[in-house]
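Peer 1: One structure, pasted below without further comment.
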Amino acid sequence: MAESRGQFSTRTGFILAAAGSAVGLGNIWKFPYLVGENGGAVFLIIYLGFIFTIGLSVMLAEFAIGRIGERNPVGAFAHLKGGPWTAVGYMGVFTGFVILSFYSVVGGWTIAYAFKMASGLLSLGDPKALGDAFGAFIGDPVEPIFYHALFMILTGAVVARGIGTGIERACNILMPVLFVLLVVLCVRSITLPGAAAGIAFFLQPDFSKINPAMVIAALGHAFFSLSLGMGAMITYGSYISRQTNLPRAALWVTSLDTLIAVLAGFLILPAVFAFGFDPGAGPGLTFITLPAVFSKMPLGAFFGTLFFVLLGVAALTSAMSLLEVVVSFLVDEKGLQRRKAVLAAGTAIFLLGVPSSLSLGVWSGFTIAGKGFFDVADYLASNILLPTGGIFISIFVGWVVFPKIMDGDNGGIGDEFRWAGVWRIICRYVAPAAIAWVLVSGL
Ligand code: TRP
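Counting from 2, one number per residue, gives the positions in the sequence shown under my numbering.
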């Protein structure tokens, strides 16, 4: 089986692909507004704490399950242990389905904004008008759904071909370009008059602001941003060559993802304060703030267009990994042809995304527990399903298959891993207990 499925050719190729999954809208769109909604620096600290303990450990667990399981999440659990453990794989497929439904809506916004930047959005001038334009756009019953469809079609087109060398090679060029552009934009944002308040908000913690909701949001986002808890990294892990050092790869992917998120914070938050926006404005924050930054730059329309194209590509490489989980399940376990699986899954996910998009406009009056459909899908998937998946993945590795996972001759991690003892303790006790505690205290 391993031969026919193909492998990443180099360690770097694999790390970039996994980083391509991890780095996406979560880093640049979601992270800054979560920091804004959740009191700034305290959220950042809690988030970093989760990332480098639980996040790193679960990522290693997923890579290892994938490499020795050599299958999609459902197949990998069935193959390694079977029984009720297979349900963890099913939960992952379901979660991928839900996440992609609203992810694609936001992915559509990035495409739309690339076009809008190119066709004179910035002539609106002041930040306030840009904010109103964004609100009118996402509230429209037709336009964002059109772009949501376009984003799903692009994602499906790539996944239908298998994750071939084309997109992999494209990412290897585009991701570094995105990175450079982010750094340039950060400099512009930090040097805006009034930016200091935003930097202080991002870096100076006010510990009196800690509350359970923020801790859940930080944990949920750690999973979301690293693409953990639903088997995306199990699927990618199934393509890693046996020579690759898994702990080092996990550390690389985690660090790259964190770096990009922190850069996005330094891009968005200073500008938010400089332009007098509300940091708690929610999902629209990034899309309102960024155009305002571009309007204060020479060649703003050019850089703005470039930026949204690159953000769209980053979103696409993440969306691919979400769709790939659902599709590889349908192909491996249900025997569907790849193209049919893409068509079926893509259509269903598109349809589930429609109410998410409408909930930001014409259906905004329709709420569940005070949240619109978009927020419900996001909250359920990110803050409940992903951490729950994380509990089971940790327990599975820590208690059920640990010797197999460490067995280097079998595709496992191998005994040159010096932190195996610590890692085992985290998987056995720390991660499950901490995640469960956060979940319970939040409900
Ligand atoms: N991590 C991606 C982002 O930050 C989103 C993503 C891709 C994801 N695959 C995932 C989230 C799997 C959770 C699970 O944008």
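Just so you know, even glycine gets a beta-carbon here, dropped at the ideal spot from N, CA and C.
None of the values given here were measured: they were computed from a predicted structure.
Below 6 Å, is the gap between the Cβ of ALA219 and the nearest heavy atom of the ligand TRP?
Peer 2: As a first step, residue 219 must be located in the sequence shown, where it is residue number 218. The answer is no for ALA219.
Peer 1: Does DSSP put ILE369 in a helix, a strand or coil?
Peer 2: The count along the sequence shown starts at 1 and reaches residue 369 at position 368. Three-state DSSP puts ILE369 in a strand.
Peer 1: What are the complete beta strand (DSSP E) segments, minimum 3 residues, inside the stretch 219-273?
Peer 2: Qualifying beta strand (DSSP E) stretches: none in this window.
Peer 1: Use the C-beta contact count for ALA218: other C-beta atoms within 10 angstroms, 16 or more gives buried, fewer gives exposed.
Peer 2: Taking the sequence shown and counting its residues from 1, the one referred to as residue 218 is at position 217. So ALA218 counts as buried.
Peer 1: Who are the Cβ neighbours of ALA3 in its own chain at under 6 Å, not counting the five residues just before and after it?
Peer 2: As a position in the sequence shown, residue 3 is number 2, starting the count at 1. Annotation note: pLDDT 39 at ALA3 (below 50); position unreliable, no value reported.
Peer 1: Comparing alpha-carbon positions, which option in SER105, ALA302 and SER242 lies nearest ASP410?
Peer 2: Taking the sequence shown and counting its residues from 1, the one referred to as residue 410 is at position 409. Here the closest residue by C-alpha is SER242.
Peer 1: Any heavy atom of the ligand TRP closer than 6 Å to the beta-carbon of PHE225?
Peer 2: Reading the sequence shown from its first residue, position 224 is the one you call residue 225. PHE225 Cβ: within cutoff of the ligand TRP.
Peer 1: So what does DSSP say about ASP141, is it helix, strand or coil?
Peer 2: For this step, residue 141 is matched to residue 140 along the sequence shown. Here ASP141 sits in coil by DSSP.
Peer 1: Whole angstroms is fine: what's the gap from LEU361's alpha carbon to PRO299's?
Peer 2: Looking up residue 361 in the sequence shown gives position 360. Looking up residue 299 in the sequence shown gives position 298. Taking the straight line joining both Cα atoms gives about 33 Å.
Peer 1: Is it a yes or a no for the stretch 87-105 touching the stretch 390-400, going by three-plus beta-carbon pairs under 8 Å?
Peer 2: Yes: the two stretches touch, three or more of their Cβ pairs being nearer than 8 Å.
Peer 1: In the stretch 417-443, which residue ranges form an unbroken alpha helix (DSSP H) of at least 4 residues, counting only runs that do not cross its ends?
Peer 2: Those alpha helix (DSSP H) runs which fall completely within the stretch 417-443 and span 4+ residues are 421-426 and 432-443.
Peer 1: Leaving out five residues on either side along the sequence, give the residues of the same chain with a beta carbon under 6 Å from the beta carbon of ASN73.
Peer 2: As a working note, residue 73 is residue 72 in the sequence shown. Hits under 6 Å: THR236, SER329, PHE330 and ASP333.
Peer 1: Does GLY347 pass the burial test, meaning 16 or more other C-beta atoms within 10 Å, or should it be called exposed?
Peer 2: On the sequence shown, position 346 is the one that residue 347 refers to. Its Cβ being crowded by 16 or more others within 10 Å, GLY347 is buried.
Peer 1: Does the Cβ of LEU352 have 16 or more other Cβ atoms within 10 Å, making it buried, or fewer, making it exposed?
Peer 2: Here residue 352 corresponds to residue number 351 of the sequence shown, with the count starting at 1. By the neighbour-count rule (16 or more Cβ atoms within 10 Å), LEU352 is not buried but exposed.
Peer 1: With a cut-off of 8 Å, do at least 3 Cβ pairs link the stretch 282-302 to the stretch 129-148?
Peer 2: As far as the Cβ criterion goes, the stretch 282-302 touches the stretch 129-148, which means the pair count is three or higher.
Peer 1: Excluding the 5 residues preceding and the 5 following LEU101 in the sequence, name in chain order all residues of the same chain whose CB lies nearer than 7 Å to its CB.
Peer 2: Walking along the sequence shown from the start, residue 101 turns up at place 100. Closer than 7 Å at Cβ, skipping near neighbours: ALA320, LEU323, LEU324 and ILE350.
Peer 1: Cβ of VAL377 within 7 Å of Cβ of ILE369?
Peer 2: The count along the sequence shown starts at 1 and reaches residue 377 at position 376. The count along the sequence shown starts at 1 and reaches residue 369 at position 368. Contact: yes.
Peer 1: With a threshold of 6 Å (Cβ to nearest heavy atom), would MET407 be considered close to the ligand TRP?
Peer 2: Here residue 407 refers to the residue found at position 406 of the sequence shown. No, since every heavy atom of the ligand TRP falls outside the 6 Å radius drawn around the Cβ of MET407.
Peer 1: Is GLY108 near the ligand TRP, judged by its Cβ being under 6 Å from some heavy atom?
Peer 2: Along the sequence shown, read from residue 1 onward, the residue named residue 108 stands at position 107. No, the ligand TRP has no heavy atom inside 6 Å of this Cβ.
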